[in-house]
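Protein sequences, first through last, are from chains L and G.
Each residue of the first sequence is one higher than the one before, counting from 1 in full-length UniProt numbering.
Each residue of the second sequence is one higher than the one before, counting from 1 in full-length UniProt numbering.
Glycine included, each C-beta is placed from N, C-alpha and C at the ideal position.
The structure appears right after this line, and notes come after that.
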Amino acid sequence: MNIRKLLLTAASAAVVAAPLLAAPIVAKAEQFIPLLVYRTGPYAPSGIPLANGFVDYFELINARDGGVNGVKISWEECETSYNNDRGVECYERLKKQGATGASLVNPYSTGITYALIERATADKIPVFSMGYGRADATIGSVFPYVFTAPATYWAGADAIIQYIQAQEKGSLKGKKIALVYHDSAYGKEPIATLQALGKQEGYSLNLFPVAHPGLEQKATWLQIGRQLRPDWVIMWGWGVMNATAIKEAAAVGFPMEKFIGIWWSGSEADVKPAGAAAKGYKSAQFTGTGTGAPIHAQIREQLYAKNMGIGKDTFGEVLYNRGLVNAAIAVEAIRTAQGKFGNKPLTGEQVQWGFENLNMTQEVIDKLGLTGLMSPIKLSCNDHEGGGAVVIQQWDGKNWNYVSDFINPRREMLTKMYEASAMQYAKEKNITPRDCKM
Amino acid sequence: MIYREAGQFKTSYAADQAIFPIRLDRWGMLVTLFVAFFVIPVVANEYWLLSILVPFLVFSLAAIGLNILTGYAGQLSLGTGGFMACGAFAAYKLSTAFPELNILIVFLLSGGVAAAVGVLFGLPSLRIKGFYLAVATLAAQFFLIWMFNKFGWFNNYSPSGVISAPPRALFGDFYVTGASASPVAKYLFLLGFVAVMALIAKNLTRCKIGRSWMAIRDMDIAAEIIGIRPLMAKLSAFAISSFFIGIAGAMWAFIYTGSVEALAFDINRSFQVLFMIIIGGLGSILGSFLGAAFIVLLPILLNNVPGLIGWQIPVDMIAHLEFMIFGALIIFFLIVEPHGLARLWQIAKEKMRLWPFPY
């Protein structure tokens, strides 16, 4: 390589790098929402429908209502590939964009949520981790900027146990339950809850960690199917791990009806690769299934008919619907905050107030066209979970169907656990909890 | 051209053995340090400081550590991620068990813990080498991550196994970890640390111990015959390398992400650092920095470019383009110069000294 080439390379590198130093584009008076998505990488089959649901909902709000009370929503996607470092980079890149900065952030990964909790709290941007992330962040006095509505992993664990209890005619005494989980922060979340419930209800809990990415589960399932022979298996899996688990469970002859996954183990991407083996498999869920809700008709009519929207291929999938509901809750939090601060783009701090005063009753849900897609929630200063309910669905080989009513997790016990864990966190971090009595 | 050493006479042994014997290099280094310490904190915004420069510096430190072991001492290792995790978890345990301990001492002690673990896993190097040793260090990688994941004691029985950095000040109100620390404080603290560590590493490689590493690397039997003790040379390389890598891990957890789980230090992290020193240049301190810049910064740059020049293309397309261009660049640089970016820089300097008649 000669010197001229080297200098040319250096010069072109400098040209490429120069725009990075330039000031960000001047923002219009819109409410900006950064979208951390994973449309590539090992978890893309789950990430794509989620991201599509978000975009379609925001487009619908802009097209149908002209924005939230006249304030249009703008958004920008940033690809994380479900990678924590990239998630942090995306957050830092997007947090100051738009007229008022990011109004809230949906990390869409337990790992990224953990990495963002402190940063976002310092930046005064709400972290909306819907059904993932840190369960004890429900305690708003310690985590003012983290929202876990409508249900945490701990609530999900409790709801699953309640469902099993109902199937077992009310008593779990002497029953054996196995937990197959992804050996990461995400997979470990329900353990403490399931253990506490085990003491209370009298079942024994056996833990089966599965190393990432979860393709190797032969030994786990031989042990479950041949040695332990549990009455029920609960799964906290993610990505390729789910379909593998379903296939392995079928291979050892474990009945699918007694195999329940958490909501991240219950989408089309999880059961379809397992084929016929998955028939009868169940999972917990807090958002509805199918394309029957009024909002689906509106999306077809307002977006797809006019060649707008991007989610046609994933329309009505479990995770697409979850994206819709997530976006809807975020928009309602903004709308609530507008009631106090006026109809203009709001800052993250103002949206935080909106979240804490969010009250989505059944009437509101019906008005938004989300009938059947979610249960009512009501948040407050100290309760950032909002009392959402969990439903159990079953895969019939083609569709997910409800097999239970919406189950309300037993929050008296859970709140005690949330509080104990949150106070431990506050002590470690020298945080003085907010006074939520006012 | 201006870069030449004609007229610069060395009149003492000290001048002859300086790290930068050419005046222009010395000035270049001083200007770089001045910019890094005084200009960047003023002009750079939070995004640049926290999500670009901080990970770059942390990875530079880790790359220096691995370069000592693999580049200088010739011991191929795939355990970098495990040693980083050691440093991170040791720093967490120390800082939560002894809250009054100064954070600087916490980092140094956590480096020490990683060094001890490094020596333990370096023992097989006395019997095996090359790819066989790489497989042995792979065991360290998997074992350490499994251990931190398995035993709650390491993360103070956190329900999810995640550790998070408590807020700690270097002195008085100068917080360098936790959310209350300002980005500038974090950056300056890390930069100072990395600068001092890089200087130490540079001098280590120039003195007796570094020469014994290189002798072992180039031909271990010959080195033994001329009186170098392989046991000392190999184990010291493992200890010092792990010390650097351990501190890098602690910095990653405490200054960059703020909270990590053991999986953040999985095998991919080891590969990442190994690629840095291969691209940057084996056996070169400068190469560690260049390699870290290439592996950490280039993907972020590639990812940002379409948005900045106003291209409206979907994010998944950008991500795929990023992989393709990044992969192509790795192949390009390794074909152009298999000895890494540091060697390219060295060639450029040699050409400039011969200018205008390079051959």
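{"Asked": "CB contact flag (I112(L), T80(L), <8 Å)", "Found": "yes"}
{"Asked": "Residues of its chain near N84(L), where Cβ-Cβ distance is below 6 Å and the 5 sequence neighbours each way are ignored", "Found": "G111, I112, A115"}
{"Asked": "Residue 479(L) versus Y425(L) - alpha carbon distance", "Found": "As shown, chain L starts at 1 and ends at 438. That puts residue 479(L) outside it, with no answer to give."}
{"Asked": "Exposure of L358(L), with buried meaning 16 or more beta-carbon neighbours within 10 Å", "Found": "buried"}
{"Asked": "Min CB distance K199(L) to chain G below 8 Å", "Found": "no"}
{"Asked": "Residues from the segment 223 to 256 of chain L in contact with chain G, defined by Cβ distance under 9 Å", "Found": "none"}
{"Asked": "Uninterrupted beta strand (DSSP E) stretches inside the segment 23 to 104 of chain L (no shorter than 3 residues)", "Found": "31 to 37, 73 to 79"}
{"Asked": "Minimum Cβ-Cβ distance from D218(G) to chain L less than 8 Å", "Found": "no"}
{"Asked": "Amino acids of chain G, ordered along the chain, whose beta-carbon sits closer than 8 Å to that of T121(L)", "Found": "A179"}
{"Asked": "Exposed unless 16 or more other CB atoms sit within 10 angstroms - verdict on R322(L)", "Found": "buried"}
{"Asked": "Beta-carbon gap between T40(L) and H320(G) smaller than 8 Å", "Found": "yes"}
{"Asked": "Neighbouring residues, chain L, relative to V315(G) (Cβ below 7 Å)", "Found": "V37, R39, E77, C78, E79"}
{"Asked": "S160(G) and E189(L) closer than 8 Å at C-beta", "Found": "yes"}
{"Asked": "Nearest-angstrom Cβ-Cβ length linking S236(G) and G118(G), presumed shorter than 8 Å", "Found": "Not quite, the Cβ-Cβ distance comes to about 10 Å (not below 8 Å), so this is no contact."}
{"Asked": "Between the CA atoms of W154(L) and L21(L) - distance to the nearest angstrom", "Found": "Residue placement at L21(L) is flagged as unreliable, the pLDDT there being 45, under the threshold of 50; the coordinate-derived value follows with that caveat. Approximately 44 Å between the Cα atoms of the pair."}
{"Asked": "CB contact check: G161(G) to chain L, cutoff 8 Å", "Found": "yes"}
{"Asked": "Beta bridge counterpart(s) of Y402(L) as assigned by DSSP", "Found": "Q393(L)"}
{"Asked": "Under the three-state DSSP convention, the category A18(G) falls into", "Found": "coil"}
{"Asked": "Members of the segment 291 to 317 of chain L near chain G, C-beta cut-off 9 Å", "Found": "I310"}
{"Asked": "Helix, strand or coil at I261(G) according to DSSP, with G and I counted as helix", "Found": "Correcting the residue type first, residue 261(G) is Glu in the shown sequence and not Ile. Of the three classes helix, strand and coil, the one that applies to E261(G) here is strand, per DSSP."}
{"Asked": "From L144(G), F171(G), M84(G), residue whose alpha carbon lies closest to that of F101(G)", "Found": "Per the sequence shown, residue 101(G) should be read as Leu rather than Phe. For L101(G), the nearest C-alpha among the options comes from F171(G)."}
{"Asked": "Straight-line Cα distance separating R93(L) from L368(L)", "Found": "32 Å"}
{"Asked": "Limits of the beta strand (DSSP E) - the one that W232(L) falls within", "Found": "232 to 236"}
{"Asked": "Beta-bridge pairing of P409(L) - partner residues as DSSP gives them", "Found": "BP columns for P409(L) are empty, so no partner."}
{"Asked": "In chain order, each beta strand (DSSP E) run of at least 3 residues that lies wholly inside the segment 267 to 352 of chain L", "Found": "282 to 285"}
{"Asked": "Cβ neighbour criterion (16 or more within 10 Å) applied to I163(G)", "Found": "buried"}
{"Asked": "Below-8 Å beta-carbon distance, D85(L) vs any chain G residue", "Found": "yes"}
{"Asked": "Cut-off 7 Å between Cβ atoms - residues of its own chain near A27(L), not counting five sequence neighbours on either side", "Found": "At A27(L) the pLDDT is 49, less than 50, meaning the model places this residue with poor confidence and gives no usable figure here."}
{"Asked": "The segment 265 to 272 of chain L in contact with the segment 294 to 306 of chain L per 3-pair CB rule at 8 Å", "Found": "no"}
{"Asked": "Residues within the segment 311 to 336 of chain G neighbouring chain L, beta-carbon criterion of under 7 Å", "Found": "V315, D316, I318, A319, H320, V336"}
{"Asked": "Any C-beta of chain L under 8 Å from that of E46(G)", "Found": "yes"}
{"Asked": "Euclidean distance between Cα positions of residue 410(G) and S404(L)", "Found": "As shown, chain G starts at 1 and ends at 359. That puts residue 410(G) outside it, with no answer to give."}
{"Asked": "C-beta atoms of P34(L) and V105(L) nearer than 8 Å", "Found": "yes"}
{"Asked": "Any C-beta of chain L under 8 Å from that of I22(G)", "Found": "no"}
{"Asked": "Through-space distance from P230(G) to V222(G), alpha-carbon basis", "Found": "Just to set this straight, residue 222(G) is Ala in the shown sequence, not Val. The alpha-carbon atoms of A222(G) and P230(G) are separated by roughly 11 Å."}
{"Asked": "Bounding residues of the beta strand (DSSP E) (the contiguous stretch that carries L179(L))", "Found": "176 to 182"}
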